[in-house]
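Remarks on the structure that follows.
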Amino acid sequence: MLHREVVNACTTGKGSFQCKGTAVQAGKKSVNGVELCYQQTGAGDHALLLMPGALGSGVTDFGPQLKGLDKKRFTVVAFDPRGYGSSRPPIRDFPSDFFHRDAQDGLQLMQVLGFSRFSLLGWSDGGITALIAAALSPANVRKLVVWGSNAYVSQEDIAIYNSVRDVSRWSERMRSPMEVMYGAEYFRNTWSAWVDGISQFTHNPQGSICLELLPQISCPTLVVHGQKDPMVPSVHPQVLLQHIPNARLHVMADGKHNLHLRFAAEFNRLVEDFLLE
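Quick note on UniProt numbering: the sequence shown kicks off at 1 and runs consecutively.
Now the structure itself:
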């Protein structure tokens, strides 16, 4: 599983907080009928949108990136997808188009913030969202980085998801931050609903979430994979590499699902080098 740190960044809808020594502005914007919480730092010409994983938020999923990415070269934006983190209400739900909905929300948020071209960094579910966004809006996306992500769901994946459905079996270290952020009931119910939501894609041909969109991604793409990732079998980054025209793969030998948190300095350098090429 993964470790997340809770920072309540958008309680009032605006303001700032310290991300381990780095000033980060927090606010809310009206996007596609909901109020989305976002975090922003840096003043560089190259804008980045960071897309979090399931039940994640900008500050729980990207603390080391909000702190560590070069503030002179990049303007870094992270956001809480609708129903996650501080982008509540609404209650999170998982219709068949929930990844497309998150992609449209992220793209529109950047427009509202005044960024017409930007790069996307997506982790886990956020990587799926980023793949869809890059395919649907190529004119807006400069470069794409995804890790811990998949474009389809297999029966092997479903077995992995069901093995972690019962949050009472999670370690206290993994469960506690989510219960602090959401409350035990909302977290338990929403996580179970996520397992059902991701499982519904098995009804599609080849279990596709966005397989058919991958050839439409035209921007340079970096796929990062942790060789020890227990949540995403290694076939998934290979499929991304095969179907995205301008993609490359970087495998981190000791990386797990949260490789950008566990090996933040190495990950940040890798991403910066790719974005600045």
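Where is the CB? At the ideal position from N, CA and C, for every residue including glycine.
With DSSP as the reference, label residue i as helix, strand or coil.
| i | result |
| --- | --- |
| Arg248 | strand |
| Met227 | The sequence given here has Gln at residue 227, not Met. Gln227: coil per DSSP, three-state reduction. |
| Trp170 | coil |
| Gly207 | helix |
| Phe187 | helix |
| Ser43 | The identity of residue 43 in the sequence shown is Ala, whereas the question assumes Ser. Three-state result, Ala43: coil. |
| Ser176 | helix |
| Leu55 | coil |
| Gly27 | strand |
| Leu276 | helix |
| Phe62 | coil |
| Ala50 | It should be noted that the sequence gives Leu, not Ala, for residue 50. In this structure, Leu50 counts as strand in the three-state DSSP scheme. |
| Val232 | coil |
| Phe267 | helix |
| Val239 | helix |
| Val34 | strand |
| Val195 | helix |
| Leu259 | helix |
| Gly13 | Interpretation of Gly13 is limited by its pLDDT of 44, a score under 50 that renders its predicted location unreliable; the figure taken from the coordinates is listed afterwards. Residue state, collapsed to three classes: coil. |
| Leu222 | strand |
Where residue i and residue j are concerned, what is the direct C-alpha to C-alpha distance, given to the nearest angstrom?
| i | j | result |
| --- | --- | --- |
| Tyr182 | Ser57 | 11 Å |
| Val232 | Gln206 | 17 Å |
| Leu240 | Asn150 | 8 Å |
| Thr11 | Gln39 | With a pLDDT of only 46 at Thr11, under 50, the local geometry of the prediction cannot be trusted, and no value is derived from it. |
| Thr190 | Ile91 | 9 Å |
| Ile132 | Pro177 | 29 Å |
| Ile128 | Leu120 | 11 Å |
| Asp273 | Val24 | 23 Å |
| Gly13 | Gly85 | Any reading at Gly13 is ruled out, since the residue's pLDDT is 44, under 50, leaving its predicted position unreliable. |
| Arg269 | Met174 | 27 Å |
| Phe99 | Glu172 | 29 Å |
| Leu109 | Gln238 | 31 Å |
| Arg188 | Ser124 | 19 Å |
| Cys37 | Ala247 | 31 Å |
Is the closest heavy atom of the ligand NAD to the C-beta of residue i under 6 Å?
| i | result |
| --- | --- |
| Arg92 | In the structure shown, the ligand NAD is absent, as is every other ligand, since no ligand is present at all. |
Can you round the beta-carbon distance between residue i and residue j to whole angstroms, since I take them to be within the 8 Å contact cut?
| i | j | result |
| --- | --- | --- |
| Leu50 | Ala78 | 4 Å |
| Asp229 | Gly148 | 6 Å |
Comparing the C-beta of residue i with each C-beta of chain C, is any distance below 7 Å?
| i | result |
| --- | --- |
| Thr221 | Within the model displayed, chain C is absent; a lone protein chain is all it includes. |
### Task
Count the CB pairs spanning the segment 157 to 169 and the segment 212 to 226 that are closer than 8 Å, and state whether there are at least three.
Taking 8 Å as the limit for Cβ pairs, the verdict is that the segment 212 to 226 does not touch the segment 157 to 169.
### Query
Considering only residues of the segment 79 to 149, which uninterrupted alpha helix (DSSP H) runs meet the minimum length of 4 residues and lie entirely inside it, listed in chain order?
If we require 4 residues or more, the alpha helix (DSSP H) runs fully inside the segment 79 to 149 come out as 98 to 112 and 125 to 136.
#### Entry: Sufficient close CB pairs (3 or more, under 8 Å) joining the segment 130 to 147 to the segment 61 to 69
Under the three-pair Cβ rule at 8 Å, the segment 130 to 147 does not count as touching the segment 61 to 69.
### Task
Could you tell me whether the segment 188 to 197 touches the segment 110 to 121, where touching means 3 or more Cβ pairs closer than 8 Å?
No contact exists between the segment 188 to 197 and the segment 110 to 121.
### Message
With three or more beta-carbon pairs closer than 8 Å as the criterion, would you say the segment 245 to 256 touches the segment 30 to 42?
### Response
Between the segment 245 to 256 and the segment 30 to 42, the count of C-beta pairs closer than 8 Å stays below three; the two stretches do not touch.
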